[in-house]
Structures are given as C-alpha cells and as structure tokens.
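Chemist: For reference, the structure I am asking about is given below.
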Amino acid sequence: MDGKRGYFLLLVALISMLNDAGGVRAESAAGCKGERNILVNACKGVIRQKPPTPYCCQRLRVTHVNCVCPIITPQLAALIDVNYAIKVIQGCGRQVPRHFKCGNKL
C-alpha cells in the first residue's frame, strides 16, 4: 500500500470511530470492505489535504470504526499527520475523544 493511501486510511479510521462512540457493532467482512471502498472514493481529495466534500463528511460519519481500525498498523500510523486528521474530523462536525486509540499492535 502506498503512503498516500495509507495516510488516508488512517484518517478514515480516526474519523469513522466517532460513528460508534456509544458501542461497537459487528459488521461483515464484505460489508466493511464495501464501506472502506465507498469512503476512499468519496474522500480522495483528502489524500492531497484538500477540504472534505459534504459527501465525504457524510461517509465519514456513517463508516463504522470496527471496519477501519483493525487494518491500521503501526507502520501505517507513522504516515499520518494527526493534527490534520483531527482538523478534518472536527470540520465534519465531530469531536475526537481525548486519548482515542485506533489500530492494531504488532
């Protein structure tokens, strides 16, 4: 996976976790893959640090955290500008919980 796509997936993970802040829902592997693909296509401009479109923000709000966080590795996390990711999240009308962790451990 290239760096820009990795950056975007981590951004997606940080934003999508807000959808499930009240509880974790089980999603099928196929459903999760579909959600990630739709989100990546909706938010391609964010990879180039362009502001998210209204449709991108909508997709960010409905994508499930349990579909994105498990694919985030420490190597992928190292590629992200966390401050930019938080700005995008807040720009889409969501708050980022303090000390939130998203990703898997090696």
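FYI, in mature numbering (1 follows the signal peptide of the UniProt record, and there is no 0) the residues of the sequence shown are -26 to -1, 1 to 80. Positions of the beta carbon are idealized from the N, C-alpha and C atoms, including for glycine.
Please name the residue, chosen from Val42, Pro71 and Gly77, that lies closest to Ala3 on a Cα-to-Cα basis.
Modeler: For the purposes of this step, residue 3 is taken as the residue at position 29 of the sequence shown. Among Val42, Pro71 and Gly77, the Cα nearest to that of Ala3 is on Val42.
Chemist: For Asn11 and Ile46, I'd like the C-alpha separation in whole angstroms.
Modeler: One-based indexing of the sequence shown puts residue 11 at position 37. One-based indexing of the sequence shown puts residue 46 at position 72. Whole-angstrom Cα-Cα distance: 15 Å.
Chemist: Under three-state DSSP, which class holds Glu9?
Modeler: Residue mapping note: residue 9 aligns to position 35 of the sequence shown, counting from 1. Three-state DSSP puts Glu9 in a helix.
Chemist: Just list the alpha helix (DSSP H) runs in the region 35 to 61, keeping only unbroken ones of 4 residues or longer that don't cross its boundaries, in chain order.
Modeler: Within the region 35 to 61, the complete alpha helix (DSSP H) runs of at least 4 residues are 39 to 42 and 48 to 51.
Chemist: Rounded to whole angstroms, how far is the Cβ of Ala16 from the Cβ of Arg35, which I believe are closer than 8 Å?
Modeler: Counted from its first residue, the sequence shown places residue 16 at position 42. Counted from its first residue, the sequence shown places residue 35 at position 61. The Cβ separation is near 11 Å, so there is no contact.
Chemist: What residue does the alpha helix (DSSP H) around residue 90 start on, and which one ends it?
Modeler: In the structure displayed, the chain extends from -26 to 80; residue 90 sits before or after that span and is not available.
Chemist: Using the rule of at least 16 other Cβ atoms within 10 Å of the residue's Cβ for burial, across every protein chain shown, is Pro71 buried or exposed?
Modeler: Against the sequence shown, residue 71 aligns to sequence position 97. So Pro71 ends up on the exposed side.
Chemist: Could you check the C-alpha separation between Asp55 and Gly77 for me, to the nearest Å?
Modeler: Counting from one through the sequence shown, the residue named residue 55 turns up at place 81. Counting from one through the sequence shown, the residue named residue 77 turns up at place 103. Straight-line Cα distance between these residues: approximately 15 Å.
Chemist: Out of Gly67, Cys66, Gly65 and Ile60, point me to the one whose CA is closest to His73's CA.
Modeler: For the purposes of this step, residue 73 is identified with residue 99 of the sequence shown, where counting begins at 1. Closest option to His73, Cα to Cα, is Ile60.
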